[in-house]
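In our numbering, the protein residues as written are 452 to 608.
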Amino acid sequence: MKLYSLFLVLGFLALLILGTVVFLWRFAQVSTPQIYTTKTDSSVLSYAYKQTNSWFEKVAMFAKKDYVLPTNLMLIKMDNNSEFGESKGSFEIILDRCDFYSVFCITRVAKEFGVDATIVKRGLDSLIYLNTADQKRAQNIVLNLKKYNIHSKIKED
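Here it is in structure tokens:
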């Protein structure tokens, strides 16, 4: 039985090798493809411009300037959901250091207390206002800021 298995495996390998040799022989006999190119006359290609006298053609004819005017595009969307009434009062927060972390924490804590915080950038300084008339609520915001190691005090405006 072992002898028949050995002959079977050797026969299979011989058949596999013979098939590979035949495949490679036929692959070597295939000629390389011929590529034919045709020459085209570039003078045949032409474009006939049709003038329409539209506004962008007139703009294209403007004389080129040596300068470019700077422009900014500013889109302002105002939802008319809020009522603009008389201001009830506000408190200014005075900080020992005003950095990105402090401003982030102030806006988050003010949002927790339901108070709008307004940040006004004036030069290098930022003025932060709490839009509330309730002094206790403003004082609680200052106390909660101490959790984040932000030492501040309030001043009524």
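We treat Cβ as the ideally placed atom computed from N, Cα and C, and that holds for glycine.
Where residue i falls: helix, strand or coil (DSSP)
{"i": "L578", "result": "strand"}
{"i": "K509", "result": "helix"}
{"i": "V519", "result": "coil"}
{"i": "V571", "result": "strand"}
{"i": "L546", "result": "strand"}
{"i": "S482", "result": "coil"}
{"i": "K606", "result": "strand"}
{"i": "N591", "result": "helix"}
Residue i beta carbon near the ligand NAD (any heavy atom closer than 8 Å)
{"i": "A465", "result": "In terms of ligand content, the structure shown is empty, and the ligand NAD therefore cannot be addressed."}
C-beta contact flag for residue i and residue j at 9 Å
{"i": "Y580", "j": "S553", "result": "no"}
{"i": "A584", "j": "K539", "result": "yes"}
{"i": "I544", "j": "K587", "result": "no"}
{"i": "V566", "j": "I601", "result": "no"}
Cα-Cα separation, residue i to residue j
{"i": "V460", "j": "F474", "result": "21 Å"}
{"i": "T522", "j": "A589", "result": "41 Å"}
{"i": "F551", "j": "K606", "result": "21 Å"}
{"i": "C549", "j": "D576", "result": "8 Å"}
{"i": "L526", "j": "A568", "result": "22 Å"}
Next on the checklist: Below 8 Å, how does it come out for the stretch 555-563 and the stretch 584-598: are there three or more Cβ pairs, yes or no?
Outcome noted: yes
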